[in-house]
Structures are given as structure tokens and as C-alpha cells.
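The structure under discussion appears below in the form of C-alpha cells.
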Amino acid sequence: MQSSSSPHGRGFDRLLAVPLAAYLLLIAGLIAGVFLTITRKAVVEAFSEPALLYAIKLSVVTSVVSALLSVAVAVPAGYVLSRHRFPGHFVADTILDLPIVLPPLVMGLCVLIFFNTAIGRWIDRGIVEEGLFVYQPLGIVLVQFIVGCAFAVRVIKAGFDSLDPRYEEVAMTLGATRGQAFRKVVLPNVVPSLVAGGVISWARIFGLFGPILLVCGTMRGRTEIMPTTIFLEVSIGRIEVALVVAACMILISLGTLTIFKRLGGKGYLW
Amino acid sequence: MVNNGVQLNGISFRIGEFAIEGLDLSIRDGEYFVLTGPNGAGKTILIKLITGLLQPAAGAIRIGGEPVTDLPPWERSIGYMPQDGVLFRNRSVRRNIRFGLEVRHESKRAISKVVERTAGMLGITHLLDRMPAGLSGGERQKVSLARALVLSPALLLLDEPLSAIDEDTRDGLCNELRAIQRKMGITTIHVSHNRRETELVADRIGVLTRGAIADIMEVDKKP
């Protein structure tokens, strides 16, 4: 085992590594169990269904769009919260924690209740008769964004917190406008936090199930995403197909995390 | 003769318990002025008021004869060198020095020429392709100075620039600072706590106490 500390006490360090090894073994064992249980027949059966392919596509597209939206909102929001103390700062900061602390199902219920109010109905059905969000794919993006954005703001704000405000001050004395200082000095210095914020919100969003079920239902070929597919397949006793979908989610998650960890470099979270 | 240095007239500013009330200060064109005083006297606040990073509640600031009180920092002709340099850590030394000229949209050729010349003058040409993380304290301050000087500012503001430098290196840097300031003729305000540093560089010394100029002394420089 490579250690940055002195050679003395290596036995103690090895002892500390035991819980890590046990936890890694547990996770790896569970994931291996999924892949070992899958049969070739189940894979063929699952991928011959257009509904499953649609669910994979919808899951990937909505989660990526929602994560990008979350980062787009989290950058200015995190910056304002990090750099300024304004009346209501504490309240804003606390409200921001609600989507993190509350069960996602509660957030979904809140969205559903909102779309049952007069203003909610107008927003949902004011432009398109069949609705924009409720029982619609766009609703999936909305719910994912509501839950995921708070995670992105938290991580990206921490990145801004760790950057000395004097960088911006010096940039402005050198001739950079406020916008140039933000674009050329602040943002390039918090790239690892931006990547981490995007990944964390995507990871939260990708597996989101309860609130999407509430707001958008599970209409095959329309609002069905991978987690709801697993739920549907298990509920009708097709465990093998549910396992294939679960394996797909594991592979997509592993691939995405690996790519972003490489992109993020030695960042805030890693 | 018209004084084109720096004039502060009736500057007032308040932050929490600390206040500057009606401060007047005149710094001569091309002068090396050292601002000293105890901790909490308001030296850094005064520097930030001159840079435009803080806005006075009342009073007027003129730099090089131009009224700048209502101008943002990026429209004032200043060069600012903060404590420990504050080099942009994601940019090489060369790109740090180029920064101010790039945001002013100078031509690439003109930028390269000025950067090479200034780096040569400060003896940091060999550092141009290094990243700030690998530089010593003295090197960082020289890069920070070069980044400010390439803009040919009317006023150079040095906020405790040598406080993190060891004593042996400090004397050398003081002499270099003084020589460069004389060569370029830039009006300079240098904040310092260090008596020896002050004596080595200053034409005049201003003592700031609780937000007010308590004393101004001429330094007798032997030829």
C-alpha cells in the first residue's frame, strides 16, 4: 500500500483501509450479482422491444438536458450566494437545501399540486391543449431540474467559495470589465467544480423515479424512462428484463462518471 | 507646474466601525510615496478606494489630472500589485502578464513585444512559460509587477508587495522596484509595514492612523 505518511504506523493505516475494502467489496459484489444473473435470452428479449430502447433514449436525453440546465442556473446562483450577503440570504440558502433534504416524492407532489392551481393549469395547458408538463416528456425534464439543480448549486457555490475574490479584483484593475473578469478569471478557475456540479446533479437525476411517476406517469413509448421500466417490469414479474435495464443503467453511470472524473481533473469532489 | 500625480480631496468612507472622514492627500507626479501605519489604520481600504474597487461616500479622486471618482477600476489608468501577487493560477507567467493587454484587445504582435521587453527588464524572461504554482515568493512578485507595468499605468499601487518575502531577497527587490520606478517615472503608492523597506524606496512617507493622515515626512536621499 502506498502511503504519504511515515513508514511507522503502516499497520494502523492498513487497519483503516479495512472498512473501505469491505464497502468496495459489497458494492462490487452487488453489481456483479446483476451481471451474473442476466441471461442471453433476457437481453435479446429486452432489446427487441422498441419501448425499452425509447426508455433508454428518453432517460439519457432528459437527464443530460436537465443536468445542463441545472449547471446553467447553478453558475449565476452559486456565484451570487457565494460573493454577496443580501437581505434574505439565509432564507434563500435554506430554501435551496429543501430539494436536497426532502424526499423527491414530496417535490413531485408539490409539482403536481402546483399544476392543479389556476396559474399552474394556465402554464401547463395555456399554449398546448394536451399540456406541456403533466404526463408529458417535458415534465420529466422539469421534475429532474427541480431536484437536480439544488445539488449543482451547492457544489458550484463551494467552488466559488474556495476562489479568492482578489482574483476578480486584480483582473478589474488590469482593465477587465466585471463580465470579462468573471468569464476569463473566475470560470476557468472553477472548472472542476462546474464538472462536479454537473455530474452530481446528473447522478441524482438519472435514477429519479418517484416524482416522475407522479407528474408524468409511466406511459410506454411516451414518458417511460429506465427507472420506471424497472418498476413496470418487476411489477409484472419480468425480473430478467428488469435486470437488463438495471445493467444498462449501471454501465451508463459507470461510463459517464469515468469520463467526467477524467474531465474534472483533481477537482472539488475527486 | 501642474501636479499630475494623485489627489484625494475630502474622501469619506465607512465600513462597520471603521471610518475615513474628509481625507486629503496629494502625491506628486513621478513620486514614490510609501503609506505606512498600524494594522487597521485603513491602508488597504485607501488603496482600494484609489483603484475603484471601493467607492467613497464623498470626495474626489484625480489620477494624472483626470477625475476618476466615478470611474470603474477598468477605466482608471492604474497598475495594482496586491500582497502575494495573486497570479491567475490557470495561466502561465506569460499569459498572466499578457492579461491586461488582451482584455484591451491590443494586437498579438504588440502584446508579445511589450511582454518580452518588460520580462527582460525584470529579469524573468526564463519564467515566461512556467505556471505560477512553481514560482518562489520573489518571482511571483516580479511577475505581478510585470503584469501591472505592461499597461504603462499613470499610477502604480503596491499593497504590501514584499511582506511575504525573506529579508535578503527584500532588499534586492526594493532596489529593483526603486530603479524601475525611476526609469519609468510612474507615480507610485507603496503600502508597507517594514521600516527598512520604506527607507530604501520612499521619496515621502505618509503615516495613516485610524483613517486619517497623521504625518507626512520627506525622506532625505543621499546621492
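Those sequence lines, one after another, are chains A and B.
So for the first sequence, our numbering puts the first residue at 4; every next one is plus one.
So for the second sequence, our numbering puts the first residue at 109; every next one is plus one.
Just so it is clear, CB atoms sit at the ideal spot from N, CA and C, and this is done for glycine as well.
From a predicted model like this one, the values you see are computed outputs, not experimental measurements.
Leaving aside the five residues before and after residue 323 of chain B along the sequence, list all residues of the same chain whose C-beta is less than 7 Å from its C-beta, in chain order.
Counting from 1 along the second sequence, the entry for residue 323 of chain B is found at position 215. Once the five neighbours on either side are set aside, the close Cβ partners of residue 323 of chain B are 315.
Taking any Cβ of chain A, which residues in the stretch 232 to 266 of chain B have a Cβ under 7 Å from it, in chain order?
255 and 259
Distance check for residue 248 of chain A and residue 254 of chain A, CA to CA, integer angstroms please.
In the first sequence, counting from the first residue as 1, residue 254 of chain A sits at position 251. In the first sequence, counting from the first residue as 1, residue 248 of chain A sits at position 245. Looking at the two C-alpha atoms, the distance is approximately 10 Å.
List the residues of chain A whose Cβ lies closer than 7 Å to the Cβ of residue 306 of chain B, in chain order.
Locating residue 306 of chain B in the second sequence gives position 198, where the first residue counts as 1. Result: empty, since nearest Cβ-Cβ is about 23 Å, beyond 7 Å.
How long is the line joining the alpha carbons of residue 174 of chain B and residue 167 of chain B, rounded to whole angstroms?
As a position in the second sequence, residue 174 of chain B is number 66, starting the count at 1. As a position in the second sequence, residue 167 of chain B is number 59, starting the count at 1. If I take the Cα positions, the gap works out to 14 Å.
Would the stretch 233 to 247 of chain A count as touching the stretch 176 to 192 of chain A if we require 3 or more Cβ pairs under 8 Å?
no
Give the straight-line distance between the Cα atoms of residue 285 of chain B and residue 216 of chain B, rounded to the nearest whole angstrom.
The residue given as residue 285 of chain B occupies position 177 in the second sequence. The residue given as residue 216 of chain B occupies position 108 in the second sequence. Distance between the alpha carbons of residue 285 of chain B and residue 216 of chain B: 27 Å.
Return the residues of the stretch 142 to 173 of chain A that lie within a Cβ-Cβ distance of less than 8 Å from chain B, sorted by chain order.
167, 169, 170, 172 and 173
Give me the Cβ distance between residue 222 of chain A and residue 138 of chain A, rounded to the nearest whole Å; I'm assuming they're in contact under 8 Å.
Position 219 of the first sequence, counted from the first residue, corresponds to residue 222 of chain A. Position 135 of the first sequence, counted from the first residue, corresponds to residue 138 of chain A. About 7 Å separates the two Cβ atoms, so the contact holds.
How is the beta strand (DSSP E) around residue 121 of chain B delimited, first residue to last?
The residue you call residue 121 of chain B lines up with position 13 of the second sequence. Element bounds for residue 121 of chain B: 114 to 123.
Should the stretch 274 to 285 of chain B be regarded as contacting the stretch 237 to 257 of chain B, the criterion being three or more beta carbon pairs within less than 8 Å?
yes
Using 8 Å for Cβ pairs, my map puts residue 310 of chain B next to residue 140 of chain B. What's the rounded Cβ distance?
The residue you call residue 310 of chain B lines up with position 202 of the second sequence. The residue you call residue 140 of chain B lines up with position 32 of the second sequence. Their Cβ separation, rounded to whole angstroms, is 6 Å, which keeps residue 310 of chain B and residue 140 of chain B in contact under 8 Å.
Looking at the C-beta of residue 211 of chain B, does it have a partner C-beta in chain A at a distance below 8 Å?
Counting from 1 along the second sequence, the entry for residue 211 of chain B is found at position 103. Yes, residue 211 of chain B lies at the interface with chain A (some Cβ there is under 8 Å from its Cβ).
Take residue 252 of chain B as the anchor and find which of B/165, B/204, B/261 and B/234 has the nearest alpha-carbon.
Start at 1 with the first residue of the second sequence, and residue 252 of chain B comes out as number 144. Per the Cα distances, B/204.
Residue 130 of chain B, DSSP secondary structure in three states
In the second sequence, residue 130 of chain B corresponds to position 22, counting from 1. The answer is strand: DSSP assigns residue 130 of chain B an E or B state.
Since residue 154 of chain A and residue 203 of chain A should fall inside the 8 Å C-beta cutoff, what is the C-beta to C-beta distance between them, to a whole number of angstroms?
If you number the first sequence from 1, residue 154 of chain A lands on position 151. If you number the first sequence from 1, residue 203 of chain A lands on position 200. About 5 Å; that satisfies the 8 Å criterion.
Cβ-based burial, residue 270 of chain A [other Cβ within 10 Å; buried from 16]:
Position 267 of the first sequence, counted from the first residue, corresponds to residue 270 of chain A. Annotation note: pLDDT 48 at residue 270 of chain A (below 50); position unreliable, coordinate value reported separately. Classification of residue 270 of chain A: buried, given that the 10 Å Cβ count is 16 or more.
Under 7 Å Cβ to Cβ from residue 96 of chain A, same chain only, skipping five residues before and after it: list those, please.
On the first sequence, position 93 is the one that residue 96 of chain A refers to. Cβ neighbours of residue 96 of chain A beyond the five flanking positions: 84.
Give a yes or no on whether the C-beta atoms belonging to residue 234 of chain A and residue 62 of chain A are separated by under 8 Å.
Taking the first sequence and counting its residues from 1, the one referred to as residue 234 of chain A is at position 231. Taking the first sequence and counting its residues from 1, the one referred to as residue 62 of chain A is at position 59. No, the Cβ-Cβ distance between residue 234 of chain A and residue 62 of chain A is not below 8 Å.
Can you look up residue 314 of chain B in the DSSP assignment and give me helix, strand or coil?
Within the second sequence, residue 314 of chain B is the residue found at index 206, counting from 1. If DSSP states are grouped into helix, strand and coil, residue 314 of chain B belongs with the strands.
With 8 Å set as the bound, which would you pick, yes or no: does the beta-carbon of residue 102 of chain A sit closer than that to a beta-carbon of chain B?
Position 99 of the first sequence, counting from 1, holds the residue named residue 102 of chain A. By this cut-off, residue 102 of chain A is not an interface position.
Taking all protein chains shown into account, decide if residue 110 of chain B is buried (16 or more other Cβ within 10 angstroms of its Cβ) or exposed.
Against the second sequence, residue 110 of chain B aligns to sequence position 2. With a pLDDT of only 49 at residue 110 of chain B, under 50, the local geometry of the prediction cannot be trusted, and the value read off the model is given with reservation. It counts as exposed.
Any Cβ of chain A within less than 8 Å of the Cβ of residue 198 of chain B?
Counting from one through the second sequence, the residue named residue 198 of chain B turns up at place 90. So yes, residue 198 of chain B belongs to the interface.
Positions along the stretch 179 to 192 of chain A whose CB lies within less than 9 Å of some CB in chain B
179, 180, 181, 183, 184, 187, 188, 191 and 192
How many Å lie between residue 133 of chain B and residue 168 of chain A at the Cα?
Mapped onto the second sequence, residue 133 of chain B falls at position 25. Mapped onto the first sequence, residue 168 of chain A falls at position 165. Straight-line Cα distance between these residues: approximately 28 Å.
Take the Cβ of residue 165 of chain A as the centre, count every other Cβ of all protein chains shown within 10 Å, and call the residue buried at 16 or more, exposed below.
Position 162 of the first sequence, counting from 1, holds the residue named residue 165 of chain A. The residue is exposed, with fewer than 16 neighbouring Cβ atoms inside 10 Å.
Residue 271 of chain A (DSSP reduced to helix, strand or coil):
What you label residue 271 of chain A is simply residue 268 of the first sequence in a count that begins at 1. Low per-residue confidence applies at residue 271 of chain A: pLDDT is 43, beneath 50, and the placement is therefore not dependable enough to give any value.
Neighbourhood of residue 81 of chain B by C-beta, 6 Å cutoff - its chain only, sequence neighbours within 5 removed:
For chain B, the structure presents residues 109 to 331; residue 81 of chain B sits outside this window and is missing.
Do you know how far the Cα of residue 173 of chain A is from the Cα of residue 304 of chain B?
Here residue 304 of chain B is taken as the residue at index 196 of the second sequence, counted from 1. Here residue 173 of chain A is taken as the residue at index 170 of the first sequence, counted from 1. If I take the Cα positions, the gap works out to 27 Å.
Once DSSP output is grouped into helix, strand and coil, what is the label at residue 165 of chain B?
In the second sequence, residue 165 of chain B corresponds to position 57, counting from 1. If DSSP states are grouped into helix, strand and coil, residue 165 of chain B belongs with coil.
Chain B residues whose Cβ lies nearer than 7 Å to that of residue 222 of chain A
Indexing the first sequence from 1 puts residue 222 of chain A at position 219. The contacting residues do not exist; residue 222 of chain A stays about 47 Å from chain B at best.
When the Cα atoms are used, what is the spatial distance from residue 50 of chain A to residue 56 of chain A?
Taking the first residue of the first sequence as 1, we reach residue 50 of chain A at position 47. Taking the first residue of the first sequence as 1, we reach residue 56 of chain A at position 53. In a straight line, the C-alpha of residue 50 of chain A is about 7 Å away from that of residue 56 of chain A.
Is it true that the CB of residue 76 of chain A sits closer than 8 Å to the CB of residue 152 of chain A?
Mapped onto the first sequence, residue 152 of chain A falls at position 149. Mapped onto the first sequence, residue 76 of chain A falls at position 73. Their beta carbons are under 8 Å apart, which means residue 152 of chain A touches residue 76 of chain A by this criterion.
Length of the line joining the Cα atoms of residue 69 of chain A and residue 292 of chain B
As a position in the first sequence, residue 69 of chain A is number 66, starting the count at 1. As a position in the second sequence, residue 292 of chain B is number 184, starting the count at 1. The alpha-carbon atoms of residue 69 of chain A and residue 292 of chain B are separated by roughly 55 Å.
Contact between the stretch 110 to 125 of chain B and the stretch 158 to 172 of chain B is defined here as three or more beta-carbon pairs at a separation below 8 Å; is this criterion met?
yes
Selection of the stretch 163 to 186 of chain B by Cβ proximity to chain A, strictly under 9 Å
180, 181, 182, 183, 184 and 186
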